[in-house]
DNA sequence: TGGGTGACCATAG
DNA sequence: ACTATGGCCACCC
C-alpha cells in the first residue's frame with residue numbers, strides 16, 4: 070500500500086479523530102470527512118479505516134459506522150463479530166448489525182472538538 | 001485512457 | 001418511505 074504525502078496527512082488526521090472518540094460513543098464517516106474540511110469525501114475515510122490496521126497504534130474503528138448507525142465495516146475486522154462485541158463491551162447496544170439509540174451515542178467531532 | 005469499485009452522503013422525485 | 005443519480009477521490013485492472 071503506497072501513500073502519497075497528501076494521503077498520509079489525511080490518514081493521520083482521520084486516525085487522530087478516531088482515537089479521540091470517547092469510549093461508548095460512535096461517529097460516522099461523513100462527520101469525520103466534514104470535520105477534516107470535506108476536501109475529501111466520506112469514501113476516503115472508509116478507505117483510511119481499511120488501512121487502519123497498518124497503524125502501530127490501535128485505532129478504534131469499531132466506533133465508526135455509517136450515517137445510519139449500521140456496522141458496515143464489520144466484515145473488515147478480524148472476525149465478523151469483533152466489531153459488535155467491542156461496541157457491546159463499551160456499553161453500546163447493537164441489534165442486527167445496527168446501533169440501538171444511535172443518536173444518543175453519536176459523537177460529532179466538528180462540534181465536540183471545536184467547542185471543547 | 002477509461003471503466004469499475006468502495007467500511008459514504010446528499011438531494012430529487 | 002424508497003429508488004435513482006451525482007459527487008467524492010483513490011485504487012486496481
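Numbering (the working numbering), first residue to last: 70 to 185. From the three backbone atoms N, C-alpha and C, an ideal C-beta is built for every residue, glycine too.
The criterion of a C-beta distance shorter than 8 Å is not satisfied by residue 128 and residue 96. Contact between residue 142 and residue 158 fails: their C-beta atoms lie close to 17 Å from each other, not under 8 Å.
When only Cα atoms are considered, residue 81 and residue 74 end up about 11 Å apart. Residue 72 carries a coil assignment under DSSP once its states are collapsed to helix, strand and coil. Every alpha helix (DSSP H) stretch that sits fully inside the stretch 99-150 and reaches 4 residues is listed by chain position as 111-119.
Per DSSP, reduced to three states, the secondary structure at residue 182 is coil, with no helix or strand assignment. Only buried fits residue 100, as 16 or more other CB atoms lie within 10 angstroms of its CB. Taken atom to atom, the span from the alpha-carbon of residue 145 to that of residue 152 is near 9 Å. Taking C-beta separations shorter than 7 Å and ignoring five residues to either side along the sequence, the partners of residue 175 in its chain run 95 and 96, following chain order. Of the residues assessed, residue 93 falls on the exposed side of the cut-off, its CB having fewer than 16 other CB atoms within 10 angstroms. Cβ atoms of residue 114 and residue 98 come within 8 Å of each other, at about 4 Å.
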